[in-house]
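The sequence shown begins at 1 in our numbering and counts up one residue at a time. Backbone N, C-alpha and C define an ideal beta-carbon position, used for all residues, glycine too. What you are looking at is a predicted structure, and each value in this text was computed from that prediction instead of being measured.
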Amino acid sequence: MQKPKKEKQNGFTKGLLAFFALLLTSWLLFSILGNIFMEEERKPISEVLSQIQEDKVKRIEVLGDNLTIYPKEGDLPYFSLKEGPQTFSELLAEQKIDPSKISEGITVKEALPWSDIFFNLAPILITGVVLLFLFRQAKGAGSQIFSFGKSGARLFVKGQRKPVMFSDIAGVEEAKRELTEVVDFLKNPGKYEKLGARIPRGVLLVGPPGVGKTMLAKAIANEAGVAFLSMAGSEFMEMLVGVGASVTGDTPILVKKDGLAKLTPISAVVDSYYEGTDTKLPVAADGLETLGFEKRTTGFWGSKGNKRPTFEKSAWKKVKAVFRHKVGEIYEIYYLGGVVRATGDHSVFVRECGGLVAKKVADLRTGEILASLPMNVRKEYSREFGSRHEIKAHVFPEEVNIALDFWGEATKIKNDYEFAMANRGVLSQSEIAKDIGVCQMTISNWQRGVYDPQSLSRKLVKLNLPESVKVTPNLMKLFGYYTAEGRGTGSLEFTFGAHENELISDCGRLMRKVFNLEPVIEKTESNSIRIKYYSHHLGRFFTRYCGNGCHNKHVPDFIWDLPKEYFLAYLKGFSEGDGYVTKSSKLSMTSVSHQLIKELAWLCCMHGIGVGIKEGENKEGRIIKGKPVAGGKYWSLIIGKTSNPFLGEKSFCEIKRPIIKEIVRKPYDGYVYDLCGCENEAFFGGEKPVLLHNSRVRDLFDSAKKSAPSLIFIDELESIGRQRGMGFVGGHDEREQTLNQILVEMDGFETGVNVIVLAATNRPDLLDPALMRPGRFDRRVMLELPDVSEREAILKIHMRGKPIKEGVKTGALAKRTVGFSGADIENMLNEAAILAARMGKTEIDEIDLEEAATKVKLGPERKRMQSDEEKKMVAYHEAGHAVVAFFLPEMDPVHRVSIVARGLSLGFTMFPPKDERQNETKSRILALISASLGGRAAEELIFNEMTIGASSDLDQATGLARRMVFEFGMSALGPMSIDGQEQMYNRQFGDSGISNELLAEADRETRKIINEAYKLSQKILREHKDKLDKVAEALVKKENINEDEFKELMGNE
C-alpha cells in the first residue's frame, strides 16, 4: 500500500520553530504598540463633526468604523473613529449636519484589500499555529489537569431513553453468558451472601474498540433494573465529580410546563414526580423547563474566557431530571437582597474577573458577589467614553398576539353537566348527584331543562360581553389596578380613595376602551369610591388571571412571555394603586401577598430593573375605617431612583450587587432538591433570581451507594489506571491520585452495599496490577472481534429499517467484513445508506455496501490529478503486492486492487482472510512481510527507482519482523522475549536489563528476515513479470480490479 512519507520532527526543527515563534511574537508586539501610538493621533468624532460644520473638511474616506479626514488647509490627513451601528451619513443626519459641506464628498470603501488583511493577520495566525504545535509537543499526561472539575459523569435515569437489553446486542454471546452472573449478583445478592460468597466489586471488560463494551454495560443495568452511572476515564480527573445544586424546598424557581410559566417553590415541582417518601433515584422530567442562562465567551483565541462562562442573558432551559434526598445540615447564605439555603457541597455562581465561577457553599466567603439578575457588566473600552456598563437580563419577544377566553367555561362543571345529561334514564338522579357532588334537585333541574349550570349559562348575562379579550397594554394596566385595588366576588369592583380622581377617571376610561362598559360609581362612608360592574362573569374573568383577596393576588400567568411595554403597564397600574414615591424618589409598592411581591421582583429583574424586598409587620389592634385590623406580615417592593422606569430616561442605572454578608451553618432534617441536566449547568432560584449551579452528581461513589443497587461504568480505564510510578512527573500527578482514590473507594465498599463497578479497556497490558487484586476488578470478561456468524447477526440487526435490495446476501457480506467490529458494521451500513441516497437510489445494493466497507477501512476516495508516469508507478506498486501475494500459498486470495487514492494512501491491495483465524504461524508472517515488500520490489524491477510511497509498507514489514524476533521467539535467537512489559518500562529509565550485544544481534536477525523476504518478492516478480505487466496495465486502464478480474488476469492458476 502506497502512502506519502511522513517527515519526522527532530530537536533542531523544534528549536527552529521556537525561535520563529519568539521572532513573530516580537513582531506582533511591536505592531500592536505601533498601532497604539498611531491611535493616540486620532481625533475624537465630536471634533471632526465640528470641523465639518465649520466647512473645513475637503474629503472623508470611510473604511468600516475608521475615518480618514482630508482638511481644506494643509496636505496631511488625520484620523478618527466612528462608534455605533449607524453609518457615517446617518450620524451626520442625526447631528443635523449638511453633507454638502464636505466639498469633495464622502468615499465609502467596502473592504480592506486582501494584501492588507493578510499583512495584519499573518503574524497572529503564524504565531498561533507555531505555538499550538509546540504546546501539543509538550503536552503530556498531566495536561488533563486543565479539565479539573469539568466532569463528564452521566446518570441515566428511568424513563429517559429506550433501554438497551442483551437481546439488542449481537456478536458477543460468550461475554453475555458470563455477564448474566453479574446481573444476578445485582438482582439477588442475598442468595450469595447466605452461602458466604463474596459478590465481585469490579468487572473488567477487555476488548478492541467497537465491540460493544459500553452497550453491554448499559444492558447489564437494564437487565438488573438498577441505577447506571457512567463516565469516561479520560474525564475522571477527580473523584468529586461535578457539584450538586441541593437547595431547600422553599427556594422559589421559575418553571414552565405545557407552555405555562409559574414561580413556585422547588419542592412543589420535584415532589410531584415522587410517590411517598421515595428518594432513591432521579426521575426524568419530560417537558419541564426552568430559567437558566446563555453564556458568551471572549473572541480572543486561546483566552481563558473560552473556559469561564460569561453571562449574556437569561433563557429558558430544559430540565432532564429532578432529584431529592435528605440531609442533616445546610448553610444559609445571607446576601444583600435575600438569602439562599443550600447544602455545603452545593455550588452557586460568583462573579470574578473574567466571568462566572461555580463555588461550593462551604468554600464561600463574605464579600464575594453572587451572580444574579439583572447583571451589570462592563462593555468594551471606548477611547471617547471610557469604561461603560450595560444591563444584562432576559430577552423578551418584541410583539405578541394573545387573546384570552373571556368566559373560561369550567371544565369540571361542563363535564359534570354532560355526564348528568348522558345518563338520564340510565342512572338515578340520586346516584348521579352523589357521583359528581351536587344535590339531587340540581340534577333534576338540569335534566328537565329548568336551568343550566350558572357558570355555563349566558341567558342571565345582561351585559354585552365579548367571546375573547386581546392582551394589550391597556388590559395589562387594568390587571394592575385590579391586583392592587380590585375584587371579583359576585361582581367586579375597584376601590380608590375619594381624592384619587385621576385613577378613577383612568380606570373607567380603560374599562370603556377594553370592554365597552360603563361603571356604577358608589361613595362609601370611609371616604372612598367604588367603581362597580355588576357581572359575575366579569369578576370571574379578573379573578381567574389575578386571583381574589389581598392574600391571594398574583400576576397573570402569561405575563412571563410579554414584552417590557406590557409588563410596565401592569406595574404602572399596580404601583398607582398600592404604591407611592418616597422623598428620595424611590418607588415603593406594598402587599400582604408574599407570592405577588416575589413574582413582581422576578419580573422586574428579568426586565433589567433592580429591586429590593423589605419585610414588615403590622401590629394588632389598629382601627382602619372604623374596623379593627388583625396584625400580620407585609412585604414591600422597592425600586431605586436610577432604576425607576417611570421617571424618564436615565443616563445610568445603579444596581446593588448581591454581596455575601454572612454564612451560617445549621442542622437540618428534611429534603433538599436538585434540578438535573440543565444546559450550562445552572438555573435561577431565590426570592430574587440568583444563579445556582446545576446538579451533576457530585460524588460518583456516594451517589452510587445512595442509589444501590447500582452499577458504575468507567470507560477508557487505561487513561487513569496505568501502572503507577512509571511516569516522569512523579507519584503525585492527577492520574495517580485519581487511581489511588478509585482503589480506596472500592476497598471501602461495606458488606451489603450492592454496588458493582464495571470498567472497559482495550489495553489491559497498561493497567496497574493493583486493579486486578481480589476485591477490585477480580473478574475479566474478554470480548473479541465478531466471527462470521456473529457479523451476520450484527448485520441483520443494523439492517432493520433500511431498504436493502433483494439479492444482497448477508452471509457473503459477513465474509467480506473480516476484522470489522460491531461499530464498524453499523458505520458501514450508515455510509451505504448515505451513498445510495446521494445517488438517487431507493434501495441499498451490493455496490453501495462494497464501497461503504472500503471507505470504513481505508477512508474516502480522494480525487486528485496524477500524471501518466505517476499513475503507472502506483499501478505497478499495487500490482507488485497482488502478484507476490498470489504466488504465496500462505496468503489469502486477493479481493480488490485499486489505484484510487483513499485517506493517506495512493492506492491499496486487499486480501481479507478467507477463514476466521485466531492464531498466526511463522510461515504466514513471513508471507505477509514478502507481500508488504512486493510494491517496493516492483518499483525497482520496472523503473530501477524507489518512491516514498512504500513508507507504510516498510513500516508494516519492519514491525512484523521485529515482533518475530523480540516478542514471538521466531528467529535464530531461539524462544526468548526481548521486548516484554518489564523490559519496556525499564528502558524508559535507561536500564532494560538486556545487554547491548543481545540487542544488536536481535537487530541483525530483524534485518535478515526483511532481506530474505524482499529477495523472495523480487524472485516472484522476475519469474512472473508478464503477469505483473497485465495487472498494472489493467489498473492504469480501469483503476479498480475485483477478485474475479484479478484471477482472470492471472490465468486462474
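Asked                                                                                                                                             : Found
Are the beta-carbon atoms of Ile333 and Thr290 separated by less than 8 Å?                                                                        : no
Give the list of continuous beta strand (DSSP E) stretches no shorter than 3 residues that lie fully inside the region 578-621.                   : 579-581, 587-591 and 612-618
Are there 16 or more other CB atoms within 10 angstroms of the CB of Asp55, so buried, or fewer, so exposed?                                      : exposed
Tell me whether the beta-carbon of Arg776 lies closer than 8 Å to the beta-carbon of Gly202.                                                      : yes
What runs of the alpha helix (DSSP H), each 4 residues or longer, lie entirely inside the region 831-909?                                         : 846-858 and 868-886
Classify Pro976 as helix, strand or coil using the three-state DSSP reduction.                                                                    : The identity of residue 976 in the sequence shown is Met, whereas the question assumes Pro. Here Met976 sits in coil by DSSP.
Report the three-state DSSP secondary structure of Val469 (helix, strand or coil).                                                                : strand
What separation, rounded to the nearest whole angstrom, lies between the Cα atoms of Asn222 and Glu174?                                           : 19 Å
Pull the bridge partners of Leu675 from the DSSP assignment, please.                                                                              : Val322
Near Lys871, which residues of its chain fall below 7 Å by C-beta distance, leaving aside the five closest residues on each side in sequence?     : Ile899 and Val1036
Exposed or buried, which one is Lys1038 when buried takes at least 16 other CB atoms within 10 Å?                                                 : exposed
Is the CB-CB distance between Lys317 and Phe683 below 8 Å?                                                                                        : yes
Given Gly212, which residues of its chain have a CB within under 6 Å of its CB, disregarding the five upstream and five downstream residues?      : Ile169, Val172 and Gly822
Report yes or no: do three or more beta-carbon pairs, one from the region 358-365 and one from the region 569-577, lie closer than 8 Å?           : no
What's the C-alpha gap between Ala837 and Ile847?                                                                                                 : 13 Å
On the DSSP bridge assignment, give the partners of Ser80 in chain order.                                                                         : Lys43 and Leu67
Measure the CB-CB distance between Asp674 and Ser246 and report whether it falls below 8 Å.                                                       : yes
Can you give me the C-alpha to C-alpha distance between Glu467 and Leu404, rounded to a whole angstrom?                                           : 9 Å
Which runs of the beta strand (DSSP E) at least 3 residues long sit entirely within the region 483-540? Give them in chain order.                 : 492-497, 520-523 and 528-533
To the nearest angstrom, how far is the alpha carbon of Phe166 from that of Leu692?                                                               : 40 Å
Do the region 759-766 and the region 787-794 touch if we need at least three Cβ pairs shorter than 8 Å?                                           : no
Is it the case that the Cβ atoms of Ser89 and Pro77 are separated by a distance below 8 Å?                                                        : no
From the DSSP output, which residues share a beta bridge with Asp375?                                                                             : Just to set this straight, residue 375 is Met in the shown sequence, not Asp. Paired residues: Lys392.
When we look at the beta-carbon of Phe646 and count the other beta-carbons within 10 Å, is it buried (16 or more) or exposed?                     : exposed
How long is the line joining the alpha carbons of Val322 and Gly670, rounded to whole angstroms?                                                  : 17 Å
What is the rounded straight-line gap between the Cα of Lys1047 and the Cα of Glu718?                                                             : 45 Å
Per the contact definition of three or more C-beta pairs closer than 8 Å, is the region 487-500 in contact with the region 528-537?               : yes
With a threshold of 8 Å, are at least 3 pairs of Cβ atoms found where one atom belongs to the region 958-974 and the other to the region 925-936? : yes
Measure how close the beta-carbons of His877 and Glu920 come, nearest whole angstrom, since I'm counting them as under 8 Å.                       : 25 Å between Cβ atoms; not a contact.
By DSSP's criteria, His346 is part of a beta bridge. Which residues make up the other side?                                                       : Answer is none; His346 lacks a bridge partner.
Looking at the secondary structure, which residues open and close the alpha helix (DSSP H) in which Leu783 lies?                                  : That residue, Leu783, is in no alpha helix (DSSP H); it is neither H nor E in DSSP.
Assign Asn996 to one of three DSSP states: helix, strand, or coil.                                                                                : helix
DSSP beta-bridge partners for Asn762?                                                                                                             : Asn762 is not bridged to any residue.
By a C-beta neighbour count over all protein chains shown, 10 Å radius and 16 as the cutoff for buried, is Asp953 buried or exposed?              : buried
My guess is that Ile712 and Val182 are in contact by the Cβ rule of under 8 Å, so how many angstroms apart are they, rounded?                     : Not really, about 13 Å apart at Cβ, beyond 8 Å.
Between which two residues does the alpha helix (DSSP H) containing Gly934 stretch?                                                               : Gly934 to Phe943
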